[in-house]
Structures are given as structure tokens and as C-alpha cells.
Amino acid sequence: VESAYFTGGKYEIQKAKTSTALGPFQLLDKTAQEMGLRIGGAEDERRFFAPSSCAAAKYVRKMVKAFDDSDTTLAILAYY
């Protein structure tokens with residue numbers, strides 16, 4: 083993912099020192115909330131496949147729109 087081959091040198095790769103990712107799609111707190119999930123406690127929707135998969139799909143769609151020329155490859159790589 084960090085390869086300049088995939089990013090064309092146009093995007094800076096960022097790494098977090100700690101993570102709040104949870105669930106099958108490893109959604110971060112902030113991302114999950116932005117995608118409409120309830121987080122925290124036993125009812126954290128990131129733990130459930132159906133709502134977290136919908137949130138992950140919404141996030142990929144958001145990333146596709148964010149990259150030049152709606153580059154789906156970069157959008158999927160950005161997810162990770």
C-alpha cells in the first residue's frame with residue numbers, strides 16, 4: 083500500500099500510533115460515527131457484520147469520490 087507505484091507519489095501515507103479500530107471491517111471510532119454507526123459498549127454496531135459492512139461500503143464510496151479521477155484502486159487501498 084505504501085508503494086509509490088500505487089499512489090503515484092501523490093498521496094502521503096499516514097500511520098496512527100494507536101488504534102480504536104473494532105469489528106470485522108476494523109472501523110475507527112470517528113469513521114464509524116461518520117458513517118452512521120453507534121459506537122461504545124456492548125451494542126457497538128462495529129461488532130455486527132451487517133451494519134459494519136454497510137458502513138465500510140459507505141466509506142469506500144466516500145474515498146472513491148475523494149481521489150483524483152475517482153480512482154477505485156486508491157480508494158480501496160486507502161481503506162487499509
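In terms of my numbering, the sequence shown has 158 at position 76, counting the first letter as 1, and numbering is strictly consecutive. For each residue, glycine too, the CB sits at the ideal point set by N, CA and C. Note that the structure is predicted; figures quoted are calculated from it, not measured.
Close Cβ partners of residue i (< 7 angstroms) along its chain, the five nearest in sequence each way excluded
i, result
"proline 133", "Leu119 and Glu127"
Strand pairing of residue i, partner residues [DSSP]
i, result
"leucine 109", "Leu104"
Residue i versus the options, residue with shortest Cα-Cα distance
i, options, result
"tyrosine 141", "Asp150, Thr113, Gly122 and Leu159", "Thr113"
"alanine 139", "Gly105, Thr100 and Tyr161", "Tyr161"
"proline 106", "Phe130, Gln115 and Ala124", "Phe130"
Own chain, CB closer than 6 angstroms to residue i, minus 5 neighbours either side, in chain order
i, result
"aspartate 111", "Thr102 and Ile121"
Check whether residue i and residue j have beta carbons under 7 angstroms apart
i, j, result
"methionine 117", "alanine 148", "no"
"threonine 154", "valine 146", "yes"
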